[in-house]
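Residue numbers (full-length UniProt numbering): 1 to 833.
Below is one structure; the comments refer to it alone.
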Amino acid sequence: MGKKVKKETEAPAKDVFDPLPIESKKPATVVLMLSSPEEDILAKACEAIYKYAEKGDDNKSTLVGLGAVEPLSQLISHQDQLVRRNAVMALGVMATNSDVKRLLVKLDIFPSIILKLSPEEDVVVHEFATLCLVSLSIEFTSKVKIFESDGLDPLIKLLSSPDPDVKKNSVECIYNLVQDLPSRMAVRELNGIPPLLELLRSEFPVIQQLALRTLESITTEAGTRVAFREEQGLDRLLELLANQEFSDLHMEALQVISNCLQDSEATLLIHETGGLEKLLQFIVTPVSPEVQMNAATAISRAAQNSENRKILHEHDVEKALVSLLAVDHDGVRITTCRTVAVMSENLACRDTFRHLEGIRPIVLLLSSESEEVREAAALALSCLTNGNQLNAYAVYEAEGDKLLVQQLQDRCQGVVAHAAAVLANMAAQETLRCSALAHGAMRALVEPLQAADARVLASAALAVAALACDADGRADLRDAGGLAPLIKLLSSNSAEVRSNACWAVRICASDEPTAIEMCRLEALETLQEINSSPNRRSKFSEAALQRLLDSNLSVKYSLTGHLSSTNITVDGFYDPGKARAGQRVLTLEELSKQEVNQHRPVIAVNGKPEQLISVELTDDKQQDGLVSTRSSSVLSKSSTKTLNRAKSRARKEDEKQKDEEDGRAEAEAAAAAEKPWAPPCDAEFQDLVTEAAKAVLPLQDEREQCVVLAKLVSDTMGGAVDREKLHHFMWELHLSELKLELQSNIIPIGKIKKGTFYHRALLFKVLADRIGVSCSLVRGDYNRAWNEVRLTEDSPKASGRYPRPQTYVVDLMHTPGNLLRSDLPAAIQYQTI
1 MGKKVKKETE APAKDVFDPL PIESKKPATV VLMLSSPEED ILAKACEAIY
51 KYAEKGDDNK STLVGLGAVE PLSQLISHQD QLVRRNAVMA LGVMATNSDV
101 KRLLVKLDIF PSIILKLSPE EDVVVHEFAT LCLVSLSIEF TSKVKIFESD
151 GLDPLIKLLS SPDPDVKKNS VECIYNLVQD LPSRMAVREL NGIPPLLELL
201 RSEFPVIQQL ALRTLESITT EAGTRVAFRE EQGLDRLLEL LANQEFSDLH
251 MEALQVISNC LQDSEATLLI HETGGLEKLL QFIVTPVSPE VQMNAATAIS
301 RAAQNSENRK ILHEHDVEKA LVSLLAVDHD GVRITTCRTV AVMSENLACR
351 DTFRHLEGIR PIVLLLSSES EEVREAAALA LSCLTNGNQL NAYAVYEAEG
401 DKLLVQQLQD RCQGVVAHAA AVLANMAAQE TLRCSALAHG AMRALVEPLQ
451 AADARVLASA ALAVAALACD ADGRADLRDA GGLAPLIKLL SSNSAEVRSN
501 ACWAVRICAS DEPTAIEMCR LEALETLQEI NSSPNRRSKF SEAALQRLLD
551 SNLSVKYSLT GHLSSTNITV DGFYDPGKAR AGQRVLTLEE LSKQEVNQHR
601 PVIAVNGKPE QLISVELTDD KQQDGLVSTR SSSVLSKSST KTLNRAKSRA
651 RKEDEKQKDE EDGRAEAEAA AAAEKPWAPP CDAEFQDLVT EAAKAVLPLQ
701 DEREQCVVLA KLVSDTMGGA VDREKLHHFM WELHLSELKL ELQSNIIPIG
751 KIKKGTFYHR ALLFKVLADR IGVSCSLVRG DYNRAWNEVR LTEDSPKASG
801 RYPRPQTYVV DLMHTPGNLL RSDLPAAIQY QTI
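Right, here's the structure in full:
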């Protein structure tokens, strides 16, 4: 054998670097390695960063400080698959950090990440790319970027991925995106509903919940609900509800169904498939309050449509809702009351709730500590009592009127608005109205009349209108100072508030004291301004102005110069003269406080008999008698030695009595000052009323009655005056003398013995009103005024028909009692100079 020769080893190449194993314990070193040109080093560095970042948020912040984000954002597009995958993994984990998210948005990472959702990439890349997008899609600006970068389509496709993590991340990202309307609509257009429905079959509850929440969001849009029904989405949800194994998903499923039931087609579909019974079962079955709330919400959504309400009523939904009122959970009570309010739009439902005794438990909820519960209960009652007097009486029987009055002071504006609405509904019945007033409803409404919420103002004004139907209600409002804030509402910018305030003013102006007070508060000027505006004028404002004038005839005559035959004057009427535009007509009390001036006098009418009060004289006589008796007794029983002492004692008693009398006089004077002002009594006018009644009332013919009354008026005020001698009729001097005699600008009409056209016309009108003769009063120019009467002929014409009544002007000056047809020259001449 030959000798073995040792094999020579081959020398290494000179240009090749021997492999160098590196073990780094510093993240900074690894971050530096991200700049290496070697793919193996890049892959290992990305993997190391992924493991390091996964350990906690502090590590992620450290990596941000070392500048790892920017190279990683570039490496996710590397040609090497392993480098790309590890970089996506590292970036996906780090994206949960807020600093990392800000940097990624700044680097506009969205197109690069979305490219990683392509089918060519492996499942791991899909998982961490979608994880990164989940973190980014929380912010609004990032949602917009993802949507604009067409990220929704690949995300929808990944819902069918075999990997559950990819599904979970994809559906979560989609859920974040569909919080915005464009994305919600895009899901439908991209056919995203079928894969979302398929996720309901997932074995992972978190995926099912995310899918349901996404469906809840997108079904808020009408077009999506149509597509959802076409994909048998309702059937899928009803199957889920029927399976008790998925009870943890029932709440979310009910929320989706609640959205769908806004469409009558969905309600009809569920009705036909027996789904309504399942919904009602969730209401009556003791389950979690959240599920009951969502079931009631679904019923409420369905009840928005009149046809749906009819269907629900046929399924006895009222019985289920009444049972929910007994659940001791505020959320359930709130949702139930709101559903009751919606269902009450159906007239039959209102009666059903009363028959099921569902009104009393709602009334009791007005005492709840929760504002939302009180508001929902008041809302339900306002709907139940709207146009239903039996329900209003049921609220009264449950002592709800007292609670509702208390709610008018609630700090929650919604409670106040609905409580006022209920009281307005109840006030249609006299018994209920009186009860509410007895509980202080009018006083409680004064504060809501000054609220900042337009809903409260509108309801409060409407409640005032309803409660002011009788004198007691109007008096309560006046005494509580409610007229001023009510009149202020006439200038509201809200059309509803303004209309309701006008209606309340119209009702409150039904009596003279309230009308006078409202005129003093410049209600007339405000209404005139409103009615002069084409944009703000309404039937309500016109009616309010007319009623206010009709209840204050003095102001009406001053402003309009006309009183119709239906405007019946009473004691307290006065003629202050023609008011200029924009001038407020002063009250008679205000005019009485003015000093005597050179202006035309105010003619007042007051035939009330003067009340003779002799209390002071009676008290004085009684006191004098007591003093005399006491003095005689003292003198008779005293001896001569004690006479001076008795006189001294008597003087002291007299002084004491005098002090008492002075104090009583001051008290009576103060009491008199507190009494309301009353116009002076006019005994002469009262005598004229008696005389006119005796002369006119026995006559049967209307024409004769007018003639006799006209002659009486003329005789009272100076008799007939020739037209040519009018300037010799010294009526101005006579009135001036009366003003000086009375030391007042106000002259009682009965004292005028020389009167011209407007004095006589006024006297004719006020006498005619008291004895039942129909006539009107019209003011002209230059101290002219006249009365118009409507008369017909005694016998019918040949045709058998009675002629139309003719208007006549009554001559009170030249030929007293002459009736001048209004369309003839003689009447026109009488009315003008």
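C-beta atoms are modelled at their ideal positions from N, C-alpha and C, and glycine is treated no differently.
**Q.** Where the alpha helix (DSSP H) containing residue 419 begins and where it ends
**A.** Indexing the sequence shown from 1 puts residue 419 at position 419. That run of the alpha helix (DSSP H) goes 413 to 426.
Q. In whole angstroms, what separates the C-alpha of residue 613 from that of residue 757?
A. Mapped onto the sequence shown, residue 613 falls at position 613. Mapped onto the sequence shown, residue 757 falls at position 757. Per-residue confidence for residue 613 stands at a pLDDT of 30, beneath the threshold of 50, marking its modelled position as unreliable; the derived number appears in the next sentence. For residue 613 and residue 757, the distance between alpha carbons rounds to 38 angstroms.
**Q.** Contacting residues, own chain, Cβ-Cβ under 8 angstroms from residue 149 (five flanking each side not counted)
**A.** For this step, residue 149 is matched to residue 149 along the sequence shown. Correct list, in chain order: 110, 111, 114.
Q: Using three-state DSSP, classify residue 313 as helix, strand or coil.
A: By one-based count along the sequence shown, residue 313 stands at place 313. Three-state DSSP puts residue 313 in a helix.
**Q.** Limits of the alpha helix (DSSP H) - the one that residue 788 falls within
**A.** What you label residue 788 is simply residue 788 of the sequence shown in a count that begins at 1. Premise fails: residue 788 lies in the beta strand (DSSP E), 785 to 791, not in any alpha helix (DSSP H).
Q | Three-state class that DSSP yields for residue 805 in the structure shown | A | Counting from 1 along the sequence shown, the entry for residue 805 is found at position 805. Looking at residue 805 - three-state DSSP - the assignment turns out to be coil, as it is neither helix nor strand.
Q. Run through DSSP, which three-state label would residue 119 get?
A. Stepping through the sequence shown from its first residue, residue 119 is reached at position 119. The answer is coil: DSSP assigns residue 119 none of H, G, I, E or B.
Q: Taking the CB atoms as reference points, tell me whether residue 69 and residue 42 lie closer together than 8 angstroms.
A: Taking the first residue of the sequence shown as 1, we reach residue 69 at position 69. Taking the first residue of the sequence shown as 1, we reach residue 42 at position 42. The answer is no: Cβ separation not under 8 angstroms.
**Q.** Contact under 8 angstroms by Cβ, residue 760 with residue 820
**A.** Along the sequence shown, one-based indexing puts residue 760 at 760. Along the sequence shown, one-based indexing puts residue 820 at 820. In this structure, residue 820 does not lie closer than 8 angstroms to residue 760 by Cβ.
Q. Just the Cα atoms here: how many angstroms apart are residue 271 and residue 256?
A. Against the sequence shown, residue 271 aligns to sequence position 271. Against the sequence shown, residue 256 aligns to sequence position 256. For residue 271 and residue 256, the distance between alpha carbons rounds to 16 angstroms.
Q | residue 359 beta carbon less than 8 angstroms from that of residue 394 | A | The residue labelled residue 394 in the question sits at position 394 within the sequence shown. The residue labelled residue 359 in the question sits at position 359 within the sequence shown. Yes; because the gap between Cβ atoms is below 8 angstroms, this pair is in contact.
Q) What is the rounded straight-line gap between the Cα of residue 546 and the Cα of residue 746? A) As a position in the sequence shown, residue 546 is number 546, starting the count at 1. As a position in the sequence shown, residue 746 is number 746, starting the count at 1. Spanning the two alpha carbons is a distance of roughly 27 angstroms.
Q: Look up residue 776 in the DSSP assignment and give the residues it is bridged to.
A: The residue labelled residue 776 in the question sits at position 776 within the sequence shown. 788, per the DSSP bridge assignment.
Q. Which one or two residues does DSSP pair with residue 602 in a beta bridge?
A. Translated into the one-based positions of the sequence shown, residue 602 becomes position 602. Residue 602 pairs with 746.
Q) Hey, quick one: how far does the alpha helix (DSSP H) through residue 819 stretch, first residue to last? A) Numbered from 1 along the sequence shown, position 819 holds the residue referred to as residue 819. No alpha helix (DSSP H) contains residue 819, which is instead part of the beta strand (DSSP E) from 819 to 821.
Q.
Do residue 266 and residue 312 have their beta-carbon atoms positioned less than 8 angstroms apart in this structure?
A. Walking along the sequence shown from the start, residue 312 turns up at place 312. Walking along the sequence shown from the start, residue 266 turns up at place 266. Taking 8 angstroms as the Cβ cut-off, residue 312 and residue 266 do not qualify as a contacting pair.
**Q.** Length of the line joining the Cα atoms of residue 604 and residue 573
**A.** On the sequence shown, residue 604 is found 604 positions in, with the first residue counted as 1. On the sequence shown, residue 573 is found 573 positions in, with the first residue counted as 1. Cα to Cα, the separation comes out at about 6 angstroms.
Q | Distance, residue 218 Cα to residue 224 Cα | A | As a first step, residue 224 is located in the sequence shown; it is residue number 224 there, counting from the start. As a first step, residue 218 is located in the sequence shown; it is residue number 218 there, counting from the start. Approximately 6 angstroms, taken between the alpha carbons.
Q | Spatial distance of residue 319 from residue 274 (CA atoms) | A | Sequence index remark: in the sequence shown, residue 319 carries index 319 (1-based). Sequence index remark: in the sequence shown, residue 274 carries index 274 (1-based). C-alpha separation (whole angstroms): 18 angstroms.
Q: Taking only the alpha-carbon atoms, compute the straight-line gap between residue 420 and residue 584 and give it to the nearest angstrom.
A: Counting from one through the sequence shown, the residue named residue 420 turns up at place 420. Counting from one through the sequence shown, the residue named residue 584 turns up at place 584. Each residue's alpha carbon lies about 33 angstroms from the other.
Q: Return the residue from the list 92, 164, 144 that minimises the CA-CA distance to residue 132.
A: Here residue 132 corresponds to residue number 132 of the sequence shown, with the count starting at 1. Nearest option by C-alpha distance: 92.
Q) What are the boundary residues of the alpha helix (DSSP H) that includes residue 764? A) Position 764 of the sequence shown holds residue 764. Residue 764 -> alpha helix (DSSP H) spans 757 to 771.
Q | Contact under 8 angstroms by Cβ, residue 748 with residue 682 | A | Indexing the sequence shown from 1 puts residue 748 at position 748. Indexing the sequence shown from 1 puts residue 682 at position 682. Contact flag set, yes.
Q | C-alpha distance - residue 88 paired with residue 186, whole-angstrom precision | A | Here the question's residue 88 lines up with position 88 in the sequence shown. Here the question's residue 186 lines up with position 186 in the sequence shown. So the alpha carbons of these two residues sit roughly 27 angstroms apart.
Q | Strand pairing of residue 562, partner residues [DSSP] | A | Reading the sequence shown from its first residue, position 562 is the one you call residue 562. Partner(s): 778.
Q | 6 angstroms Cβ shell around residue 174 - same chain, five flanking residues per side excluded | A | Position 174 of the sequence shown, counted from the first residue, corresponds to residue 174. Closer than 6 angstroms at the Cβ level, and outside the excluded window around residue 174, lie 155, 214.
(Q) Would you call the region 463 to 483 in contact with the region 504 to 514, where contact means no fewer than 3 C-beta pairs closer than 8 angstroms? (A) yes
Q. How would you call residue 782, buried or exposed, if buried means at least 16 neighbouring beta carbons within 10 angstroms?
A. The residue labelled residue 782 in the question sits at position 782 within the sequence shown. With fewer than 16 Cβ atoms within 10 Å of its Cβ, residue 782 is classed as exposed.
Q) Where does residue 35 land, buried or exposed, given buried means 16+ other C-beta within 10 angstroms? A) The residue you call residue 35 lines up with position 35 of the sequence shown. Exposed, since its Cβ has fewer than 16 Cβ neighbours within 10 Å.
Q.
For residue 59, which residues in the same chain have their Cβ closer than 7 angstroms to its Cβ, ignoring the five residues on either side in sequence?
A. Numbered from 1 along the sequence shown, position 59 holds the residue referred to as residue 59. Excluding residues within five positions, the ones whose Cβ falls inside 7 angstroms are 52, 53.
(Q) So, at 6 angstroms on beta carbons, what are the nonlocal neighbours of residue 305 in its own chain, with the 5 sequence-adjacent residues on each side left out? (A) As a working note, residue 305 is residue 305 in the sequence shown. Excluding positions up to five away in sequence, the list reads 264.
Q: Throw me the rounded Cβ distance for the residue 147 and residue 177 pair, which I believe falls under 8 angstroms.
A: Working through the sequence shown from its first residue, we reach residue 147 at position 147. Working through the sequence shown from its first residue, we reach residue 177 at position 177. Contact flag correct, Cβ pair sits at about 6 angstroms.
Q | Distance, residue 475 Cα to residue 513 Cα | A | Indexing the sequence shown from 1 puts residue 513 at position 513. Indexing the sequence shown from 1 puts residue 475 at position 475. Taking the straight line from one Cα to the other gives about 9 angstroms.
Q. Can you name, in chain order, every residue of its own chain whose Cβ lies under 8 angstroms from the Cβ of residue 903, other than the five neighbours on each side?
A. What is shown of the chain runs 1 to 833, which leaves residue 903 out entirely.
Q.
Rounding to the nearest angstrom, what Cα-Cα distance links residue 739 and residue 519 in this structure?
A. Start at 1 with the first residue of the sequence shown, and residue 739 comes out as number 739. Start at 1 with the first residue of the sequence shown, and residue 519 comes out as number 519. Looking at the two C-alpha atoms, the distance is approximately 27 angstroms.
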